[in-house]
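Since the structure comes first, as structure tokens, the remarks are kept for the end.
There are 2 protein chains.
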Amino acid sequence: MSRTRPATMADVARLAGVSTATVSRVLSGTRAVDPAMAERVTSAAGRLDYRINLLGRGLRRTSTATVGLVLPDLRNPFFSALGQHLARAFAGSEVDLLLFSADDSLATEARGVRSFLGRQVDALVLIPVHEERSAEAVALAASSVRTVQLDRRVPGTQASYVGVSNRDGIALVHDHLVAAADLVSHPVTYVGATPDSSSAHERLDAVRRWFGQEVDCLLGDFSAAWGREAAARLLSSGARTGTLICAADVIAAGAVAHLLAAGHRVPEDFRVTGFDGVGAEELTHPSLTTVRQPVEAMAAAIRDLVVSEGDASARWFEPTLVVGGTSPG
Amino acid sequence: MSRTRPATMADVARLAGVSTATVSRVLSGTRAVDPAMAERVTSAAGRLDYRINLLGRGLRRTSTATVGLVLPDLRNPFFSALGQHLARAFAGSEVDLLLFSADDSLATEARGVRSFLGRQVDALVLIPVHEERSAEAVALAASSVRTVQLDRRVPGTQASYVGVSNRDGIALVHDHLVAAADLVSHPVTYVGATPDSSSAHERLDAVRRWFGQEVDCLLGDFSAAWGREAAARLLSSGARTGTLICAADVIAAGAVAHLLAAGHRVPEDFRVTGFDGVGAEELTHPSLTTVRQPVEAMAAAIRDLVVSEGDASARWFEPTLVVGGTSPG
DNA sequence: AAGAAGTCGGTAATCGTTTGCCGAGAGGAC
DNA sequence: GTCCTCTCGGCAAACGATTACCGACTTCTT
Chain Y
1 MSRTRPATMA
11 DVARLAGVST
21 ATVSRVLSGT
31 RAVDPAMAER
41 VTSAAGRLDY
51 RINLLGRGLR
61 RTSTATVGLV
71 LPDLRNPFFS
81 ALGQHLARAF
91 AGSEVDLLLF
101 SADDSLATEA
111 RGVRSFLGRQ
121 VDALVLIPVH
131 EERSAEAVAL
141 AASSVRTVQL
151 DRRVPGTQAS
161 YVGVSNRDGI
171 ALVHDHLVAA
181 ADLVSHPVTY
191 VGATPDSSSA
201 HERLDAVRRW
211 FGQEVDCLLG
221 DFSAAWGREA
231 AARLLSSGAR
241 TGTLICAADV
251 IAAGAVAHLL
261 AAGHRVPEDF
271 RVTGFDGVGA
281 EELTHPSLTT
291 VRQPVEAMAA
301 AIRDLVVSEG
311 DASARWFEPT
321 LVVGGTSPG
Chain S
1 MSRTRPATMA
11 DVARLAGVST
21 ATVSRVLSGT
31 RAVDPAMAER
41 VTSAAGRLDY
51 RINLLGRGLR
61 RTSTATVGLV
71 LPDLRNPFFS
81 ALGQHLARAF
91 AGSEVDLLLF
101 SADDSLATEA
111 RGVRSFLGRQ
121 VDALVLIPVH
131 EERSAEAVAL
141 AASSVRTVQL
151 DRRVPGTQAS
161 YVGVSNRDGI
171 ALVHDHLVAA
181 ADLVSHPVTY
191 VGATPDSSSA
201 HERLDAVRRW
211 FGQEVDCLLG
221 DFSAAWGREA
231 AARLLSSGAR
241 TGTLICAADV
251 IAAGAVAHLL
261 AAGHRVPEDF
271 RVTGFDGVGA
281 EELTHPSLTT
291 VRQPVEAMAA
301 AIRDLVVSEG
311 DASARWFEPT
321 LVVGGTSPG
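Quick look at the structure:
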């Protein structure tokens, strides 16, 4: 495993008997070069196993053909689905997408932003960790490069935003349940996340809007463990029937698992709905009724925003309802 | 959103009335500097909102304090769990961990490796897409920087390896089932993945070793959809009881969902086990019996390997059995 | 035939940072 | 007082690529 000094353009130029300018032009196709000479250069580059140093290129050019994505947590399947779709959206372009996980920490998120900025990325995609406390990181990003917030946003920043209409998503759930079920014998409980992120915030507001201000709310985080605990609390408060509207599919899956384990029936005794629809809803039986976010279209929108020259903008996508086995109908 | 030219060290030096050498030494702490002067420099840097250009630094220094991770697919929860644990393991160090998703494509994987090499990363962590066809990418990586393969490996390369003992993992399942169940009335079927990756390969070999060469095998990919399909095939072949040993928790979850949907009981009629144990096993009811990989320890080992100076090495971690509700006992 | 226009290779400056080396000054030993 | 040893700031040369500019040459125009 001995590693020799990598070949540089100067080495290639020497071997091919030309100047580095010519090598650069051949390899990056910047300007026409005599075919015979070009052939000498490519063969020399191949012989020396030359690979370009992107640091040198990036330093000289102003751009790096790189976009950074900072996300809060890879274990949340919705975020990893977004990451995957975004990666695919960029795989067809000249631009490299690099990911950085903030590990749900504001400090690590800030570090990720600074790291990408230091690397002179052309644009930054951010899923902010916190609705207020990520403001500094988002502002720093937006003041330096084209920045797009994804899924979650920090109000009052200059950065663009791409996300789903949470109000419409909850409305889909509401209409579905009102059409198919009796919400008196199955009283509604919202199992959400504390409104630290704009999506948690907006989903909570939307639930209150469509189901009434007095709707019962249990707030935790976006995890299956919280779904289980919320279901446990509900049962220990005496409920034997009900409707659980969950802020994410992982929460819903946890809740369903606990309800079934406690001997209750889904959807007969308890109806449960999720949110996101990126695949986790199909892991369970019954499969989850959920609100599907059009992640592929969202990823494409991000890709387009990132390469475009326009001003900051915001775009809300329309979710759709996927009816599974955890709700009647 | 007007963006001005970022401040450089020369700007800071001018404002502080010192040379760029002094600025560099103050900001990177390379050498002692007179406290009064240091104070002038830091205040000037703050005033100008100076942020270091890592391209310049990386070009001059030989190292970049960066490690790249190329993984096949973020939607596989095991890979995103590995990514997350690795990110956490590096969050405490000076080194930045950057991720790149190969989108299950050999070409994209190669692109990721080349991209990271061009960025002069200090080390590369690879989860190879394919046991044979990723050989070129792994060899390229290993010939340029310290390289560690994770979870999957390409035989015959110079790169280190960190993974779990698949043979021992399947042995745990075997011993558990033999102790707790009647494998005659519940014949064994292995629901695995085509042996394109070393982990799929090794798990298949291990199943044949512990359960016999003639064990029934259904091979697909690491997805819930495949788990469902495999269960459907098994049922349509007439099976009404059985034991399904699955190569991953997502496969197992899909299989269980289909079996339950078809009206069968788990674990009474069908016993099902998974592999990985990174959280997906708790989304279902019954919760999955699975083989847990010690991902946190594995991530720590990767971190240590990456900073160490030693030769290439291989390390197999020992998995543990997590007994859930899909198997007797 | 002379000038204009186009093609294409090379020279050297440049991107932003780090660091080897020099030298000035301080402090200590004798 | 001399010499030796430290400390610490600055000069300038890298690191590896790109590209503005120059100039030699070819081709076209009139």
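Top line first, the protein sequences correspond to chains Y and S. Just so we're aligned, residue 1 is where the first sequence starts under my numbering, counting upward by one. Just so we're aligned, residue 1 is where the second sequence starts under my numbering, counting upward by one. Where a beta carbon is used, it is the ideal one built from N, C-alpha and C, also for glycine. This one's a predicted model, so the numbers in the text were calculated from it and none came from an experiment.
Do you know whose CA, among the options, lies nearest residue i's CA?
i        : options                                : result
S/Asp304 : S/Met37, S/Gly56, S/Ala16, S/Ala89     : S/Ala89
Y/Thr320 : Y/Ala300, Y/Gly277, Y/Gly310, Y/Leu117 : Y/Gly277
Y/Ala257 : Y/Ala239, Y/Ala225, Y/Ser237, Y/Arg240 : Y/Ala225
S/Ala297 : S/Ser236, S/Leu82, S/Val138            : S/Leu82
S/Val67  : Y/Ile127, Y/Ile251, Y/Leu99, Y/Ile302  : Y/Leu99
Y/Gln293 : Y/Asp151, Y/Gly46, Y/Ala139            : Y/Asp151
Y/Glu318 : Y/Arg208, Y/Gly163, Y/Leu259, Y/Glu214 : Y/Gly163
S/Gly46  : S/Ala21, S/Glu214, S/Leu15, S/Thr20    : S/Leu15
Y/Gly238 : Y/Leu259, Y/Ile245, Y/Thr22            : Y/Leu259
S/Gly17  : S/Ser28, S/Leu48, S/Arg40              : S/Arg40
Y/Arg3   : S/His264, S/Arg203, S/Leu140           : S/Leu140
Considering only residues of the same chain and omitting the five flanking positions on each side of residue i, which have a CB-CB separation below 7 angstroms?
i        : result
S/Ala142 : Thr157, Gln158, Ala159
Y/Leu219 : Gly192, Ala193, Thr194
Y/Ala200 : Gly192, Ala193, Thr194, Ala247
Y/Val295 : Ala81, Leu82, His85, Val278
S/Ala230 : Val191, Leu218, Gly220, Ala255
Y/Ala314 : Ser160, Tyr161
S/Thr108 : Ala102
Y/Leu234 : Thr189, Gly242
Y/Phe79  : Leu71, Pro72, Asp73, Ile127
Y/Arg208 : Val215
Y/Thr284 : Ala253, Val256
Leaving out the 5 sequence neighbours to the left and right, which residues in its chain are closer than 8 angstroms to residue i when beta-carbon positions are compared?
i       : result
Y/Thr30 : Ser24
Y/Asn53 : Pro6, Thr8
Spell out whether any CB of chain Y is found under 7 angstroms from the CB atom of residue i.
i        : result
S/Ile251 : no
S/Arg88  : yes
S/Arg25  : no
S/Asp151 : no
S/His285 : yes
S/Leu71  : no
S/Asp304 : no
S/Gly220 : no
S/Ile170 : no
Can you find a C-beta in chain S that's less than 7 angstroms from the C-beta of residue i?
i        : result
Y/Ile127 : no
Y/His339 : It is not possible to answer for residue 339 of chain Y, since the shown part of chain Y is limited to 1 through 329.
Y/Thr326 : no
Y/Gly29  : no
Y/Ser197 : no
Y/His264 : no
Y/Thr108 : yes
Y/Ala224 : yes
Using a threshold of 7 angstroms, state whether the C-beta atoms of residue i and residue j are closer than that.
i        : j        : result
Y/Ser197 : Y/Glu268 : no
S/Phe211 : S/Val188 : yes
Y/Gly274 : Y/Leu288 : yes
Y/Val145 : Y/Ala110 : no
S/Asp73  : Y/Ala87  : no
Y/Thr290 : Y/Glu281 : yes
Y/Ala36  : Y/Val26  : no
Y/Gly58  : Y/Thr64  : yes
S/His186 : S/Thr241 : yes
S/Gly112 : S/Val70  : yes
S/Ile245 : S/Val125 : no
S/Asp96  : Y/Ser105 : no
S/Arg265 : S/Ser327 : no
Near residue i, what residues of its chain come up, given a Cβ to Cβ distance below 6 angstroms and the 5 sequence neighbours on each side ignored?
i        : result
Y/Tyr50  : Ala7, Val12
S/Glu206 : According to the sequence displayed, residue 206 of chain S carries Ala and not Glu. Same-chain partners within the cutoff: Asn166, Arg167, Ile170.
S/Phe222 : Asn76, Ala193, Ala248
Y/Ala299 : His85, Leu86, Ala89
S/Gly325 : Pro286, Ser287
So who's on the other strand from residue i, going by DSSP bridges?
i        : result
Y/Ser101 : Y/Leu71
Y/Trp316 : Y/Gly163
S/Phe270 : S/Gly242
Y/Thr189 : Y/Asp216, Y/Leu244
Y/Asp96  : Y/Thr66
Y/Phe146 : According to the sequence shown, residue 146 of chain Y is Arg rather than Phe. DSSP lists Y/Ala123 as partners of Y/Arg146.
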